[in-house]
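> Sharing a structure below in structure tokens format, with a few things to ask.
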């Protein structure tokens with residue numbers, strides 16, 4: 175137990191804060207913080223402080239999932255901006271969909287969409303979700319998410335970086351403002 | 063190509079039963095046999111303790127080539143038979159090698175080849191996106207297929223049934239509760255205890271093998287890098303290795319070393335992420351936070367030094383598309399030193415934690431026999447006594463110039479798999495340092511040479527999940543005519559059905575994570 179406490183204390187808070195300018199060489203922390211704050215402002219206005227996101231992999235290669243996971247690591251900690259991931263579409267405001275929609279996942283995606291209560295937004299994350307990407311349309315793939323369900327915002331990238339995902343969410347807020 | 067003693071003995075023993083034509087193609091030993099001896103060969107191979115490693119088919123005009131790849135003591139060979147497309151039938155090897163089971167079902171769905179005597183010939187990769195009597199990998203099947211508006215769900219898949227008082231079923235998926243790939247799991251349980259688990263995968267089938275046809279080497283490398291996004295380096299390397307063999311191309315020493323560094327960085331990133339996630343699945347969030355933090359730092363260095371957080375598209379046919387400056391080398395070395403100190407702290411905290419001990423030891427037990435029967439590879443196999451690592455046993459550049467220490471455990475539980483992965487991180491850190499020390503100035507990429515029509519290659523590398531086998535055949539004009547990647551998950555997934563038995567349903571997520579199979583790499 176002491177080891178754990180010691181490690182927690184010596185690690186400190188790595189979550190990237192507004193004032194934290196010393197790590198600029200590592201990435202774009204300032205931008206991250208500003209983005210997050212803007213997201214929070216929009217969320218506050220429209221969803222009383224938070225949005226619930228249900229992530230749906232509709233056929234991705236798992237690259238996008240890895241980066242979406244990263245949103246919850248201590249550096250980005252997207253929950254502090256009121257964005258949190260939920261286990262059921264029935265709890266969700268936003269569907270974050272990745273991958274080209276494989277034909278084998280088409281019905282599952284449609285049902286997930288139907289299970290999400292209104293008002294709902296759909297964000298297509300990653301190049302495959304945006305336009306079919308490397309896989310395109312074929313006997314096995316429906317291509318872009320918008321070929322299957324209505325899409326409100328698109329986040330390009332292969333895969334989109336955690337920062338790009340945050341920007342994308344911001345774009346969504348802009349669309350619906 | 064010279065054959066080793068066991069292979070020579072095996073061949074002479076075979077000759078009493080089976081006519082084997084030995085064909086030498088670059089870098090692979092090919093044994094061609096008659097189709098009626100297909101199953102008999104497997105029986106004899108099993109007696110000699112050969113490991114079944116991969117199986118796939120190809121269509122060449124009006125004939126099918128059926129391939130299987132076997133390995134013993136680090137020596138691989140390719141077994142092939144040719145059948146006519148008028149009666150595409152073959153005896154099954156899955157009766158002898160359980161590892162071949164799903165592979166043969168895949169071939170059955172994609173080519174319409176019937177494996178006579180197969181113990182379980184239900185459809186596997188096919189759901190409802192194409193009809194029962196059409197086969198996507200046949201040449202007359204159009205890449206666009208004949209899709210209907212909405213593909214129906216696969217409602218009537220004949221799952222195994224169980225009966226009896228108190229037995230109930232839990233269907234899970236394809237959409238899971240977490241941020242994870244889709245697949246379906248059908249549990250039969252009594253109380254909390256799992257009686258049986260059946261996996262139903264294929265949901266992320268994207269037609270990778272079909273859309274690979276007609277691609278150029280560059281374009282195929284990009285596709286291979288997306289067979290499984292977490293293994294982008296591994297798959298891209300295996301595919302490029304296969305293409306380079308077909309073209310008779312040597313890559314420059316500097317490119318090989320950089321490939322090695324990329325592959326080890328990918329291994330470390332994934333191992334760190336998964337160890338954290340395993341701890342998180344038993345509610346030990348401290349480890350999750352620490353490991354996701356370390357992983358993030360690692361990925362940021364990837365972005366800074368190599369230009370991509372997950373290292374996609376850094377490996378290209380003939381070499382690599384990124385270089386390492388002196389400053390980058392110094393930075394990587396410094397980061398490695400820091401990571402060692404951090405890991406020492408975190409691992410000590412994990413090791414002393416009684417709640418982890420309680421949840422991870424003895425849970426998800428995979429016996430050595432089952433691990434061997436399914437041909438499990440990577441850390442899943444190595445935690446259950448399967449002492450094999452391509453980097454050590456069939457070394458390729460740059461691993462042929464270093465000593466690779468292979469971690470091995472034999473308790474076969476979740477804890478074993480965690481320890482193997484931790485030890486692999488340690489080994490990988492050392493390997494990166496050695497590769498950096500050996501970096502020589504030179505070219506990053508050999509000039510591409512157009513391979514002859516019909517030439518083929520077999521790329522075999524150790525990805526972070528284990529052995530990856532990639533087969534490529536060229537047509538005329540530098541175009542790919544067949545690409546088959548065998549992700550390690552294809553061999554490891556069936557082991558999950560066994561290792562969860564007699565565990566409680568709530569422990570399924572941690573059992574699943576300890577295996578960490580790729581859905582995309584399995585479904586193709």
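Residue numbers (our numbering), protein chains in the order written: chain A, 175 to 351; chain B, 63 to 586.
Even glycine gets a Cβ: it sits at the ideal position worked out from N, Cα and C.
Only a predicted model underlies this, so the values are computations on that prediction, with no experimental measurement involved.
#1: Between which two residues does the alpha helix (DSSP H) harbouring residue 315 of chain B extend?
#2: Which chain B residues sit within Cβ distance under 8 Å of residue 290 of chain A?
#3: Relative to chain A, which residues along the region 170-183 of chain B have a C-beta separation below 9 Å, given in chain order?
#4: Quick check: is the beta carbon of residue 418 of chain B nearer than 8 Å to any beta carbon in chain A?
#5: Between the Cα of residue 574 of chain B and the Cα atoms of B:234, B:107, B:387 and B:220, which residue gives the shortest distance?
#6: So is the beta-carbon of residue 211 of chain A under 7 Å away from any non-hydrogen atom of the ligand NAP?
#7: Quick one: list the residues of chain B neighbouring residue 242 of chain A, beta-carbon separation under 7 Å, in chain order.
#8: Report the rounded CA-to-CA distance for residue 244 of chain A versus residue 233 of chain A, giving the unit in angstroms.
#9: Could you tell me which whole alpha helix (DSSP H) segments of length 4 or greater appear in the region 149-182 of chain B?
#10: Across the region 155-164 of chain B and the region 219-235 of chain B, are there enough close Cβ pairs to call them in contact, namely three or more that are closer than 8 Å?
#11: Would you identify the three-state DSSP class for residue 258 of chain B, choosing helix, strand or coil?
#12: Considering only the alpha carbon of each residue, which of A:242, A:326, A:253 and A:241 lies closest to residue 214 of chain A?
#13: What is the C-beta distance between residue 425 of chain B and residue 565 of chain B, in whole angstroms, given that I count them as a contact (C-beta under 8 Å)?
#14: Anyone know if the C-beta pair for residue 582 of chain B and residue 476 of chain B falls short of 8 Å?
#15: Identify the contact partners of residue 348 of chain B in chain A, using a Cβ-Cβ distance below 9 Å as the criterion.
#16: Take the Cβ of residue 340 of chain A as the centre, count every other Cβ of all protein chains shown within 10 Å, and call the residue buried at 16 or more, exposed below.
#17: Residues of chain B with a CB under 8 Å from the CB of residue 282 of chain A: which are they?
#18: Once the 5 residues before and after residue 257 of chain B are set aside, which same chain residues still bring their CB inside 7 Å of it?
#19: What residue does the alpha helix (DSSP H) around residue 281 of chain B start on, and which one ends it?
#20: Please confirm whether residue 105 of chain B and residue 93 of chain B have their CB atoms less than 8 Å apart.
#21: Based on the DSSP output, what are the partners of residue 122 of chain B in its beta bridges?
#22: I want to verify the contact list: residues of chain A whose CB lies under 7 Å from the CB of residue 351 of chain B, in sequence order.
#23: Buried or exposed, going by whether 16 or more other CB atoms sit within 10 Å of the CB of residue 150 of chain B?
#24: Check for me: the alpha helix (DSSP H) holding residue 489 of chain B runs from which residue to which?
#25: Leaving out five residues before and five after residue 276 of chain A in sequence, what residues of the same chain have Cβ atoms less than 7 Å from its Cβ?
#26: Taking only three categories from DSSP, how would you classify residue 233 of chain B?
#27: Just tell me which of A:230, A:184, A:180 and A:212 has its CA closest to the CA of residue 262 of chain A.
#28: Which class does residue 77 of chain B belong to by DSSP, given the choice of helix, strand or coil?
#29: Residues of the region 313-337 of chain A with a CB closer than 9 Å to any CB of chain B: list them in chain order, please.
#30: Which word fits residue 531 of chain B, buried or exposed, when buried means at least 16 other C-beta atoms lie within 10 angstroms of its C-beta?
#31: What residues match up with residue 272 of chain A in a beta bridge as DSSP calls it?
#32: Distance cutoff 8 Å, beta carbons only. Does residue 237 of chain A sit that close to anything in chain C?
#33: At a CB-CB cut-off below 9 Å, which residues of chain B make contact with residue 299 of chain A?
#34: What's the call for residue 184 of chain A, buried or exposed, on a 16-neighbour Cβ count within 10 Å?
#35: Return the chain-ordered list of same chain residues with a C-beta closer than 6 Å to the C-beta of residue 72 of chain B, the five sequence neighbours on each side being excluded.
#36: Excluding sequence positions up to five away, which residues of its chain have a Cβ less than 8 Å from the Cβ of residue 79 of chain B?
Here's the rundown:
#1: For this step, residue 315 of chain B is matched to residue 253 along the second chain. Unbroken alpha helix (DSSP H) run through residue 315 of chain B: 315-343.
#2: Position 116 of the first chain holds residue 290 of chain A. Per Cβ cutoff of 8 Å: no residues; residue 290 of chain A is ~11 Å from chain B at best.
#3: none
#4: Residue numbering aside, residue 418 of chain B sits at position 356 when the second chain is read from its first letter. No, residue 418 of chain B lies away from the interface with chain A (no Cβ there is under 8 Å from its Cβ).
#5: Here residue 574 of chain B is taken as the residue at index 512 of the second chain, counted from 1. Out of B:234, B:107, B:387 and B:220, B:234 has the C-alpha closest to the C-alpha of residue 574 of chain B.
#6: Among the components modelled here there is no ligand, and therefore nothing to report on the ligand NAP.
#7: Position 68 of the first chain, counting from 1, holds the residue named residue 242 of chain A. Under the 7 Å cutoff, chain B gives 241.
#8: Taking the first chain and counting its residues from 1, one reaches residue 244 of chain A at position 70. Taking the first chain and counting its residues from 1, one reaches residue 233 of chain A at position 59. About 19 Å.
#9: 163-173
#10: no
#11: Mapped onto the second chain, residue 258 of chain B falls at position 196. Strand at residue 258 of chain B.
#12: The sequence position of residue 214 of chain A within the first chain is 40, counting from 1. Checked all of A:242, A:326, A:253 and A:241; the closest Cα to residue 214 of chain A is A:253.
#13: The residue given as residue 425 of chain B occupies position 363 in the second chain. The residue given as residue 565 of chain B occupies position 503 in the second chain. So it is a contact: roughly 6 Å between Cβ atoms.
#14: Position 520 of the second chain, counted from the start, is the residue given in the question as residue 582 of chain B. Position 414 of the second chain, counted from the start, is the residue given in the question as residue 476 of chain B. No. Outside cutoff.
#15: Numbered from its first residue, the second chain carries residue 348 of chain B at position 286. Neighbours of residue 348 of chain B on chain A, chain order: 178, 181 and 182.
#16: Reading the first chain from its first residue, position 166 is the one you call residue 340 of chain A. With 16 or more Cβ atoms within 10 Å of its Cβ, residue 340 of chain A is classed as buried.
#17: Taking the first chain and counting its residues from 1, one reaches residue 282 of chain A at position 108. Per Cβ cutoff of 8 Å: 215, 236, 237, 244 and 265.
#18: As a working note, residue 257 of chain B is residue 195 in the second chain. Closer than 7 Å at the Cβ level, and outside the excluded window around residue 257 of chain B, lie 224, 229, 250 and 251.
#19: On the second chain, residue 281 of chain B is found 219 positions in, with the first residue counted as 1. Taken as a continuous stretch (DSSP letters only), the alpha helix (DSSP H) holding residue 281 of chain B covers 279-286.
#20: Within the second chain, the letter at position 43 stands for residue 105 of chain B. Within the second chain, the letter at position 31 stands for residue 93 of chain B. No, Cβ-Cβ distance for residue 105 of chain B and residue 93 of chain B is not below 8 Å.
#21: Here residue 122 of chain B is taken as the residue at index 60 of the second chain, counted from 1. Looking at the DSSP assignment, residue 122 of chain B forms a beta bridge with B:125.
#22: Residue numbering aside, residue 351 of chain B sits at position 289 when the second chain is read from its first letter. Those within 7 Å of residue 351 of chain B in chain A are 248.
#23: To locate residue 150 of chain B, count along the second chain from 1; it is residue 88. The residue in question, residue 150 of chain B, is buried, as its Cβ has 16 or more Cβ neighbours within 10 Å.
#24: Counted from its first residue, the second chain places residue 489 of chain B at position 427. Counting along the chain, the alpha helix (DSSP H) containing residue 489 of chain B begins and ends at 476-500.
#25: The residue given as residue 276 of chain A occupies position 102 in the first chain. Answer for residue 276 of chain A: 232, 233, 314 and 315, listed in chain order.
#26: By one-based count along the second chain, residue 233 of chain B stands at place 171. Reduced to three states, the DSSP call for residue 233 of chain B is strand.
#27: Position 88 of the first chain, counting from 1, holds the residue named residue 262 of chain A. Nearest option by C-alpha distance: A:230.
#28: On the second chain, position 15 is the one that residue 77 of chain B refers to. Residue state, collapsed to three classes: helix.
#29: 313, 314, 315, 316, 322, 332, 333, 335 and 336
#30: As a position in the second chain, residue 531 of chain B is number 469, starting the count at 1. The residue is buried, with at least 16 neighbouring Cβ atoms inside 10 Å.
#31: If you number the first chain from 1, residue 272 of chain A lands on position 98. BP columns for residue 272 of chain A point to A:231 and A:299.
#32: Included in the structure are the protein chains A and B, with no chain C among them.
#33: Reading the first chain from its first residue, position 125 is the one you call residue 299 of chain A. Simply none; closest approach about 11 Å.
#34: For the purposes of this step, residue 184 of chain A is taken as residue 10 along the first chain, with counting starting at 1. So residue 184 of chain A counts as exposed.
#35: Taking the second chain and counting its residues from 1, one reaches residue 72 of chain B at position 10. These residues qualify, in order along the chain: 110.
#36: Numbered from 1 along the second chain, position 17 holds the residue referred to as residue 79 of chain B. Answer for residue 79 of chain B: 99, 102 and 106, listed in chain order.
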